[in-house]
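Student: All letters in the sequence shown, in the order written, are residues 606 to 814 by the numbering used here.
Here you go, one structure.
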Amino acid sequence: MVGNDVVDLSDPETRPETLHPRFDGRVFDAIERAQVDAADDPDRQRWRLWAAKEATYKLVKKLAPATVFSPRRFLVRFDGSPWGQVQVGARRFGVQLIERAREVHAIAMRLEDLALPLVHGVRRLERDEPAAWLSWGPSTAVRRFGIEAIARAVGARAGEFSIVREGRIPKLVWRDRPAPADLSLSHHGELVAFACSLKDPAPWSPAKS
Ligand SMILES: CC(C)(COP(=O)(O)OP(=O)(O)OC[C@H]1O[C@@H](n2cnc3c(N)ncnc32)[C@H](O)[C@@H]1OP(=O)(O)O)[C@@H](O)C(=O)NCCC(=O)NCCS
C-alpha cells in the first residue's frame, strides 16, 4: 500500500511569510523543528517533513479509515538520505523523497511493501504543456498522467485503465476489475503526482487487439 504527496515550492503558499507564525510549532515535534532550523534550506526541509506526513496520512487512512490527520502524531525521521521513516502510534512506515529544483515528492509505504515494484511520477503543468492538459483541472490531469505512466510501465494500454473513487480514496481499475495495484494521487500548485505499488507478480500482459 502506498500514499504520496507533492509540494510545489514555487507556489506562494509555501513561502514562510504566508504561514501561520506558529505553523512549525503546531505541525512538528522538537526533533523535526530542530531539523528545519539547522537545515541549509529550512523551507525545503519544512516541506519535506510535511509531505512525508501527508503521504503517510493517505496511506494510514486506507489501513485505518477512522484516522484523523493530526500532523504532530506523524513523527518523521530523516537522516539526510532520501529514505526515512514515519512513526504513527506503534506503527512505522517507510518514506522516500524524490526532489527536483522546485518540488518535493514524498512516497510512503508499509515496511512490508518496500520491495514491491513502484511506479511514480511528477508532472509540472506549465505554459508549454499541450493546451488540453492545461484546460483540465488537476484531478483530471493527475488521473490521465498516472494512467499513462502506469500503462507504459506494465506494458498495457492506457484505455484499459480507469480510476474510481471509494469515498475520497482513488482506486485503479484495469479491464473493469480492481487492478492488482495500490494507487495514491496528489496535486499542488502546478504539479500533479502519483505513486502506484504493483502487486508482484502482477498479471499484466499486452492487450489483444
Ligand atoms: C487527504 C488530504 C491530506 C489531501 O491533502 P491535499 O494536500 O488537500 O491534497 P493532495 O492534492 O495532496 O491529494 C489529493 C488527493 O488525495 C486523494 N485523497 C483524498 N483524500 C484521501 C484520503 N483520505 N486518503 C487517501 N487519499 C486521499 C485523492 O485522490 C485526492 O485527489 P482528488 O481530489 O483529485 O481525487 C486532505 O484532504 C485531508 O483529508 N486532510 C485531513 C484534514 C486536514 O486537512 N487537516 C489539516 C490539519 S493541518
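A virtual CB, placed ideally from N, CA and C, is assigned to each residue, including glycine.
Do Leu796 and Arg729 count as a contact pair if the criterion is CB distance below 7 angstroms?
Tutor: Closer than 7 angstroms, so yes.
Student: Among the residues of its own chain, which have a CB less than 6 angstroms from the CB of Ala800, if the five just before and after it don't count?
Tutor: For Ala800, where only same-chain residues beyond five positions count, the Cβ hits under 6 angstroms are Val607, Asn609, Ile712, His725 and Ser789.
Student: Go to Trp809, then tell me how far its alpha helix (DSSP H) extends in each direction, as first and last residue.
Tutor: Where Trp809 is concerned, there is no enclosing alpha helix (DSSP H), given that its DSSP letter is neither H nor E.
Student: By DSSP, does Asp610 sit in helix, in strand, or in coil?
Tutor: In this structure, Asp610 counts as strand in the three-state DSSP scheme.
Student: Rounded to the nearest angstrom, how far is the Cβ of Met714 from that of Ser802, given a contact under 8 angstroms?
Tutor: Right, the Cβ-Cβ distance comes to about 7 angstroms (below 8 angstroms), so this counts as a contact.
Student: Starting from Trp652, trace the alpha helix (DSSP H) in both directions and tell me its first and last residue.
Tutor: Per DSSP, Trp652 belongs to the alpha helix (DSSP H) from Pro647 to Leu668.
Student: Can you tell me where the alpha helix (DSSP H) holding Ser740 begins and where it ends?
Tutor: Note, Ser740: alpha helix (DSSP H), Ala736 to Ser740.
Student: Please find out if some non-hydrogen atom of ligand 1 comes closer than 6 angstroms to the beta-carbon of Glu659.
Tutor: Yes - ligand 1 has a heavy atom lying nearer than 6 angstroms to the Cβ of Glu659.
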